[in-house]
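This report refers to the structure that appears directly beneath it.
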Amino acid sequence: MTRMSEDSVTRVNALCPTSLRCPGYDQKNSPATIHRVGDVDVRPATEEPLPMSTDVFTLDVIEYSGGCRIVLSRNDEVVAEHTTPLDLASEEYAAFVAIEAHIEHGRVADGAPSGLAQRLGRWLALSVLGPVAEVLAGHAPVVVVRGNSALRDGPWGLAEIDGRTLAERGLVVVVATDEPASRRPEPDPRSPVRMLAVFSQPHELDALNLREERTHLTQVVRELTEKDGRAVELVILQYGVTRAELSHVAADPRGWDVVHLSGHGTSTSFTFESDDSEPDTVTIDELLKLLSPIRPLFVCISSCSSAGQAADDDLVHLGLRQTALSARQGNLADAVAAELACSVLAMRFAVRDKFGIALTSALYRGLLVEGLTPAKALGRALMAIQDVTPMEMVTPVLLGERGAWVTVRAPNGDKKPSAVTHELPSAPERFVGRVATMSRCVRILLNDTGSRALVLLGMPGIGKSAVATELVHVVGDRFDDVIWCGVPDGADGPTALTEVIVRLEDSLPGVRLVHLVHEPADLAEAVIAVSEALTRSRVLVVLDNVDTWSTDLGWSALLTALCQHDGASRAVITTRQEPVDLPAAVERIGSLSRDEAVLLAGELSRLARFVRGEVAGMAADKARSLARRVIEAADGHPKLLELADGQAGDAGRLSALLNTGPSAADVSAPLDSWTARAVAALAPPDRRAFDLLCVLDERDRTAVVLTGLLEADPHTPSAITSTGLAEMRNDDYRVHPAVAATGRELLTETELDHLVAEIAGFWTSVVKDAVADERAGGSVAAVARSARSAIGYLLRAGDVRMATDAADLVLRRERSPVELGSLTPQIIQLGAAAADAGNRLRAHRLLANLMALIGHPVSDNMTENLRARAIAAGELEMATVLSTDLIGRYRQAQRLDEALALAEEQIELGKQVEVGAWTQLLHENERINILVTMGRADELAEQIQALRERIKQLPPTAEDNDTVRPYWVKELVLDTIYTAALSMRDYRTCLDTAEETIRQKRARDADQSQIARATYRTCFPLMRLGNLEEAAMRLKWCRSIFTEASDTPALAATYSALGEIEDELGRPQAAVEFNQAALRHQYAARTLSGIINAHMNLGHRMSAIGGGKRAFAHHVLAALVADATSYWQAGSTERALTDLVVDANGDDEVTTLEDVWSLVGDDLPGLDIPSALRTLNHEVDPTQDDLDRVLANARRQATERAQQR
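Here our numbering is used: the first residue of the sequence shown is 1, the next is one more, and so on.
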């Protein structure tokens, strides 16, 4: 490098156009100018910013006595350099090297940061950078600033060229730090990005900032995972963030790629929490020791106190605090970047919430989705934010040279919601204070304190559910699953218990509980099963709104199971009644403190105007006085403050609330009174809407339903939400249970009955319209959904028979296990409400069928008992219906002898009750179909022909004593004929029968999906008759119909059949691809038998193309699943695996379970196969011992086969 003198010297190896100048800089003083250096072009300032250059520049800052030297280089080649005198006593120098302190302490000459930014920008461009600024402006590169000068850490982006700063032109500055030689190796690009977010701020008021920041960060990551399909694992630490907790999480051997650290710090310390929730200040060295095991690639350090400062200001306005607290900013970034050898983003000073949220969102998207370096991600984020001031552009500072080149791109992953988002209530919109409470609760849930359960106890509306929800959103991802059991508003003891056990059974693998409500004898065994499930897993169970404790209904045993086990699972129970003899930690949720109440009032838009004295037409001191009295009257009760906010649109209504204060005798009295006053102030149309919302079930409190009920008197009930009686979220009305209960109590019994009848009539009408629409080809789901809603209101209106019919409509259509399980309480209520034996049998039959639909083993026993009861009671017609139910289940379980015996009994029962001719034909067809399934079709030729003749002879319409539709019986008879012909390989008869079925369906205007299923059955006989092209054409048409209908099981079968055709046509690779698609659809269809067969089929296809180990892995997994579930065709999987063992001679054998999952996973990308199988059946959890046993069995059979030869 040329030796520089200590006079002002500039050397520029690129021409700076005369239109691009530093303010006040005289171009003629520049000794040398050149247009280009290599491929670097200088961009005129008048052009729009170009996309960010891929180049990274280096800016060396060498400060010496009386001046400094600036050297700009790229790839070790000097681009420009400038030496200039430097006045260390100038205000600009002092402000540049310590701008945070300069602004914080008010040392700004013109009183505004914007003025300081402009002055600094001109000084920086003219006195420090000179023409180097012009080169930077021309390229807007990423520039790494190095050196030992105090200037190094300053806001270089403020340099102003032609009225625009370098930051506004896209310049991103990375401040180099002294990093250790040892750096973390680059992560596996296929592994999920692991992100640790730490929010630590014990101060009650400042905690609000952290919660908002946490909520936003969680939303950003959720969008990246669920919408963009990126694999990001986020773990959040907030509340109770002690040194020990951080140390424990930091020690995770998997490490952390990204750390988001937010809290209160100074230049020498950071604040955590102690075990008793007090501030615990750690030194920088202590913090670095805690973070050292993490070795992250990128760290974001955030510190903001704007909300806490706003709360201080509100306290001063109300005369509750004399002076506002001062905010202190700390900067830990240098130490973290230097010691951990990572890229660190920090803020020079507090930022606007809007700016901070926009920056975080765009930054993490650039990092994790687009794979940008931290520098480029920051630059793009800043350029994307609207209305950013020059000072805000340089507020973020990036430290650590790795920020210029390291990347943290998240790979593609499975687009599935996390445990914290699946069927859980959303995070509370407002959650103020409760820091000490939350810290204690978090410690109980995450640490081994001896308590397995936590009871949140408090008065109505005090915030118990909000605390439980906040806990779920903070610690939920630390558990394998979160089970939220919300007891419906106003539910009685039996209903509450049933709701809870249905949710638990749906979520805990291997636990059967639902039958206990109907068959309580197995209670002790079920309780043991619950304890064992909680011991072997790590789940968080939340029982919300449990206000009915009844030992008679099994509550005691169930709660004991939740509270007494040896596992890492935890339970949270919210209640207003203190439990007796429950082995759980109890946290009393009391009123907010005075300061917290003021903070909440400041968050409520209408009440905040009174707090700040900003009410039109009212003196500021009077407005503040009224606000203070209201806050004192609410006595820290959050719901009372929300109701007060609803009345704060008018000073008179707000004042009226003060007539009632808290009552020690009845803690719910103020809430009832304030609710009653708010309701009384509603206009008649709004009052009617509010009454309807209180009577509606929670799931029906939607804008669509309310609009339908108000159709005769159309009205938008905005006053309900504006008065705080309800809130609106995503077109759903949320009414607090205590407010809804008060609303119902304000109604007379006659008014309540009238509203229930009105809602029942509304849903009955909706069901009728949905059924009519379904028959015209409309949605099946719409019928199930509307009938599901109708049941409860029909029950409350006393119409048990109509409610039973509605439940039957649901069971005939609904297949979602969650929706079916949630129907259980109402079906149980049907049986309890039935006035006669016949209706009770109908209701109990529905319950048994429900158990069968959700795969509960008790279903067969229930139906058998019901059938015996029906015969004993002389209800023979119901006995025949129950026989039909049982026959279907016996056949599915391959209990064919029992099914045949029952079918013969059913024929005799039908004769006794003199069923119609079509019903008789149905019973006879059932018997013959079972015989065909048993392999006896060759004995039945005459009987099958007789069936065909009878469907021609019977009248087209059903008789009065028929319980079936003729077209349905015809199609069942044709199915029997098809199945018999197929078993005898009479493919021509198969094809003719299938074609006849299609004509039958078209004649009755069946929908396209039914016709497609009938068409699918023509394809196998077509294939066997050699017409492969015709079969393929029909299958592709079926595929289009099934795709449109989202019929996943049918799609799986169609892809499998297409694979077989491709194999027959000599195209084995295409056959493999179709079978891969079939396998994916079988997993989506969630049927174990289909999954087993799909693995076998794909294994066969892969063997044909030399698939070797992958083919073997699919056959092994099929055998493992069949073995674990006692699959009735397990022998087929064993034989297929044995065939491979014989052919492989050990070369292609897969002998470790890890290899099985890996090889099979190549055909199911993004799917957690072990978890998916366990979800379908908890018994499917194979071990290495299971694999060894299955392989040993296959080898033994192979040896025996060889010996027989």
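Glycine included, each C-beta is placed from N, C-alpha and C at the ideal position. All of these numbers come straight from a predicted model, not from anything done at the bench.
- Taking each of Asp76, Arg606 and Pro488 in turn and checking the Cα distance to arginine 701, the smallest one comes out for Pro488.
- Closest option to serine 343, judged by alpha-carbon separation, among Gly1108, Asn1097 and Leu399: Leu399.
- DSSP, read as helix, strand or coil, puts aspartate 773 in helix.
- Across the structure, alanine 80 and valine 144 are spaced so that their CA atoms are roughly 15 Å apart.
- Judged by DSSP in its simplified three-state form, tyrosine 64 adopts strand.
- The alpha carbon of glutamate 819 has as its nearest neighbour, out of Val511, Val527, Glu1060 and Val502, the alpha carbon of Val502.
- Pairing valine 232 with leucine 196 gives a Cβ-Cβ distance that is not under 8 Å.
- Using a 10 angstroms sphere on the CB of histidine 248, the tally of other CB atoms stays under 16, which defines it as exposed.
- Looking at the DSSP output, alanine 571 shares a beta bridge with Ala453 and Val541.
- Here isoleucine 301 is bridged, per DSSP, to Leu261.
- Look at leucine 398 here: in three-state DSSP terms it is strand.
- Around the C-beta of tryptophan 123, 16 or more other C-beta atoms lie within 10 Å, and the residue is accordingly described as buried.
- Boundaries of the alpha helix (DSSP H) around arginine 845: 837-853.
- Of the candidates Trp968, Asp621, Glu1030 and Ile944, the residue whose Cα lies closest to the Cα of threonine 989 is Ile944.
- When the beta-carbon positions are compared, alanine 937 and methionine 984 come within less than 8 Å of each other.
- Here serine 605 is exposed: its Cβ has fewer than 16 other Cβ atoms, across all protein chains shown, within 10 Å.
- Here valine 1121 is not near leucine 1051, since their CB atoms are 8 Å or more apart.
- Of the candidates Thr957, Gly910, Ser673 and Leu643, Leu643 places its Cα closest to the Cα of threonine 721.
- In the three-state reduction of the DSSP assignment, isoleucine 977 falls in the helix class, which pools H, G and I.
- Under the three-state reduction of DSSP, isoleucine 827 is assigned to helix.
- Note: asparagine 412 is bridge-paired with Arg230 in the DSSP secondary-structure output.
- Counting along the chain, the unbroken beta strand (DSSP E) around tyrosine 733 starts and ends at 732-734.
- Here the alpha carbons of arginine 734 and alanine 806 stand approximately 26 Å from one another.
- The region 158-175 makes contact with the region 115-122, as at least three CB pairs between them are under 8 Å.
- Non-local C-beta neighbours of alanine 1045 in its own chain, meaning closer than 6 Å and more than five positions away in sequence, comprise Ser1009, ordered along the chain.
- The beta strand (DSSP E) runs lying completely inside the region 878-912 and spanning 3 residues or more number zero.
- Listed in chain order, the non-local C-beta contacts of glutamate 698 below 7 Å within the same chain comprise Pro488 and Asp489, local neighbours out to five positions each way being set aside.
- Between the C-alpha atoms of proline 85 and glycine 138 there is a straight-line separation of about 25 Å.
- For glycine 486, the secondary structure class from DSSP, reduced to helix, strand or coil, is strand.
- In this structure, alanine 601 lies away from leucine 626, with their beta-carbon atoms at least 8 Å apart.
- For the pair valine 442 and valine 475, the Cα-to-Cα distance works out to about 7 Å.
- Annotation for aspartate 280: the continuous beta strand (DSSP E) segment containing it runs 279-283.
- Note that the C-beta distance between valine 241 and valine 299 is not below 8 Å.
- At a Cβ-Cβ threshold of 8 Å, valine 1190 and threonine 1125 do not count as neighbours.
- When secondary structure is reduced to three states using DSSP, serine 1171 falls in the helix class.
- Within 10 angstroms of the beta-carbon of threonine 83 lie 16 or more other beta-carbons, which makes it buried.
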